[in-house]
Every structure is written in C-alpha cells, then in structure tokens.
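Q:
Protein chains: 2
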Amino acid sequence: MLNQSRHSRQREAILALLRSTKLHPTADWLFSELKKEFPNIGLATIYRNLKFFEEQGLVIKIDVGDGFDHYDADTSDHYHFFCDSCRKVIDLDMPPLQFGEVLPDGFSSEHHQLVFFGKCKNCKLELCS
Amino acid sequence: MLNQSRHSRQREAILALLRSTKLHPTADWLFSELKKEFPNIGLATIYRNLKFFEEQGLVIKIDVGDGFDHYDADTSDHYHFFCDSCRKVIDLDMPPLQFGEVLPDGFSSEHHQLVFFGKCKNCKLELCS
DNA sequence: ACATAAATGATAATGATTATCATTTATATC
DNA sequence: GATATAAATGATAATCATTATCATTTATGT
C-alpha cells in the first residue's frame, strides 16, 4: 500500500517528549534531550518529524520572533507569554478570545496567534534560571 | 561629539519609503525599490537602518512566521492579518484590546502581537495579485 | 523470508540576517 | 572654506536555523 506512514521509535520518542513538557521546545532542545536515549539520532529526524506532526495536527508551531521555531503538543486554543529576559515561552491560563464579530468586513480567520511580551513572574523577582 | 547619529540620504529614503506604504515590506522589497533611486545601495544598509529605526522606535517589526521580517512605520497599536494564500500582511482596522485585567496573576505586558491567519478578501474572490 | 517504500543519519545546501572592513561622507571645529 | 573625526555606506564573508539530498536501515504487508 502506498502513502502510508510507518512507526519508528524515534518518532514515538519525539512526540512523547513533546507531550511531556510545557517548555515549548525548539528542535535543538529536543535533539539534545533525545540523544540521551538515541545517541545516533540526527537533527534532520527531529525537523522531519516536527513537520510531520504539524501536518497531522498533532503539534503546533509557535513563532515568538526569537529566531527559533517552538513546538507545542497542546493544540487547544491558548496563548503564550514570551519573556524578553529569560526568553522562555510560557503558557497563559486565560480563556480563548472570540473575534468573529470584531474582524473587519470581508475578513474571516480560522486561526489567530496572540503573544504577550514582557518580563515573566520569575524574572520580575530575579529568580530566573 | 560622540555617539551621534548622522543624516544620510539612504537612511532618509528608507524611512520615507516605509512611511509611504502599507505593504509591511521586507528588507528585500525595500532593497529592490531603493535601487531605483540608489543603484549602488547595499542590502546591508537596509538591514542596518531597519535595526536603527526599530531601536529608535520609529518602526516596528512584524513576525508572521513566513520566514521574513516585515516592517511597519505605523507604530500605533494595531493588528495584522496574514493571508495564507497571497502571503500579504494586511492592516486590520479594529480597536486595540485591553488585556490588563485578563492576564493571569503575576504577568504584565507592555506589548502584545496579535496576528490572524486565513484567506484575505481578495483571495476569497480569486482576485489575488 | 521477501519485497517495497518509509524513515533514518550524515551531510551538503539554502537563504535570511549579521558581522567585518576599507572607503565615503556628514558634521563639528578651527 | 579646510580639516579632523567618527558615523554610514557598499561589498562581501560569516552565521546559523532550517531544508534537501542520498545511501542505508527498518517497518510492514504479502
């Protein structure tokens, strides 16, 4: 049969790792972590699978403008805070906004991205790691 | 005197061009346009001045995740629509949102970026250029 | 077990942005 | 106006996250 995706231990591990963290990892972070379990894993495998997961709707890509693509296995509607100080991407616990009625005439959008910038809780208290 | 910025015709032209358009140009678009007036202008001059303007608060950088930095001389609070079809960045005429009361405890933000994704008016009508 | 094509790992290529550096130019001072 | 100084430029190389290529390995249906 054609056009079928196959199982691989690497693919499973990448998704499992993404699902286990709220750190919104970059490809490089995943690569470093997964080398512990798969010493021979290639960085291309990380990128390939991230693209695969995104196409499957299993993860979302978050762009906060720091030069890295961040990935999140939480695909529910939610917003992010990017700390200008420690450069972490942090989930915000706030209800998703409804923009249907407020968008100008002729525009409709299935998806929006809202990112807040500032100093996170910890950095304000000088507790940043 | 030290640490002084000087006038240059190129710098003036870049800012004037940014102020004359609502296209949210990329560095490369500005470069192409400005070569008409300055055939010898270098791409580095564009990037250098964009950074300069951003630091001076004269322009804002818009990141819509298309792989290019877009620039906007309209520094007032406003939101953007990114067309997945024609890949244009379009100003949205809608009032800025107030998030002070809705952000979770401990977070405060001076700045947020809200981008809507979808098909723009023209692309919905198959009028896209 | 075998055949087939998907997935991997290694590595090269891509491309937007940044850094470097010699030259040009703006501007303050004489 | 001439001059000194450092900012700005233009040309080009470097950077670096991401993507493409390709030979090899591996999953899975038969």
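These protein sequence lines are chains A and B, in that order. Using my numbering, read the first sequence as starting at 1 and increasing by one per residue. Using my numbering, read the second sequence as starting at 130 and increasing by one per residue. Using N, Cα and C, we set each Cβ at its ideal position, and we do this for glycine too.
Using DSSP with H/G/I as helix, E/B as strand and the rest coil, what is tyrosine 90 of chain A?
A: In the sequence as displayed, the identity of residue 90 of chain A is isoleucine instead of tyrosine. The answer is strand: DSSP assigns isoleucine 90 of chain A an E or B state.
Q: With distances taken Cα to Cα, identify the nearest neighbour of histidine 207 of chain B among B:Asp213, B:Asp198, B:Ile219.
A: B:Ile219
Q: Between isoleucine 60 of chain A and the rest of its own chain, which residues show a CB-CB distance below 6 Å, the 5 nearest in sequence each way excluded?
A: Hits under 6 Å: Asp72, Thr75.
Q: At a CB-CB cut-off below 8 Å, which residues of chain B make contact with serine 109 of chain A?
A: Correct list: Phe210, Phe245, Phe246, Gly247.
Q: With a CB to CB cut of under 8 Å and the five nearest residues on each side skipped, what residues in its chain are close to serine 214 of chain B?
A: Lys248, Cys249, Cys252, Cys257
Q: Under a three-way DSSP split, which group does threonine 150 of chain B fall into?
A: For threonine 150 of chain B, the three-state secondary structure derived from DSSP is coil.
Q: Give the DSSP-derived three-state secondary structure of leucine 243 of chain B in the structure shown.
A: strand
Q: Is lysine 119 of chain A helix, strand or coil when you go by DSSP?
A: Residue state, collapsed to three classes: coil.
Q: Closer than 7 Å by beta-carbon distance: list the chain B residues that pair up with glutamine 113 of chain A, in chain order.
A: Val244
Q: Could you check if alanine 27 of chain A is buried or exposed, using at least 16 other CB atoms within 10 Å of its CB as the buried criterion?
A: The residue in question, alanine 27 of chain A, is buried, as its Cβ has 16 or more Cβ neighbours within 10 Å.
Q: Quick check on the burial criterion: 16 or more other C-beta atoms within 10 angstroms. Buried or exposed for arginine 9 of chain A?
A: exposed
Q: Would phenylalanine 197 of chain B count as contacting chain A if we go by Cβ distances under 9 Å?
A: no
Q: In the DSSP assignment, find the unbroken beta strand (DSSP E) run with aspartate 72 of chain A in it and report its ends.
A: 70–72
Q: Measuring CB to CB, does histidine 240 of chain B end up less than 9 Å from phenylalanine 116 of chain A?
A: yes
Q: Phenylalanine 160 of chain B to glutamine 4 of chain A, Cα distance in whole Å?
A: Using only the alpha carbons, I get a separation of about 45 Å.
Q: Below 8 Å on the Cβ atoms is my guess for leucine 144 of chain B versus leucine 172 of chain B; work out the distance and round it to an integer in Å.
A: Their Cβ separation, rounded to whole angstroms, is 17 Å, which puts leucine 144 of chain B and leucine 172 of chain B out of contact at 8 Å.
Q: Out of curiosity, what's the CA-to-CA distance linking leucine 103 of chain A and lysine 35 of chain A?
A: 46 Å
Q: Examine chain A for any beta-carbon lying closer than 9 Å to the beta-carbon of aspartate 201 of chain B, and answer yes or no.
A: no
Q: Over the uninterrupted alpha helix (DSSP H) stretch that includes lysine 180 of chain B, give me the two end residues.
A: 172–185
Q: Got a sec? Which residues, its chain only, sit under 6 Å from proline 225 of chain B by beta carbon, not counting five neighbours each side?
A: Asp206.
Q: Which value, in whole angstroms, describes the spacing of the CA atoms of valine 193 of chain B and aspartate 66 of chain A?
A: 12 Å
Q: Which residues does DSSP pair with cysteine 83 of chain A in a beta bridge?
A: A:Gly118
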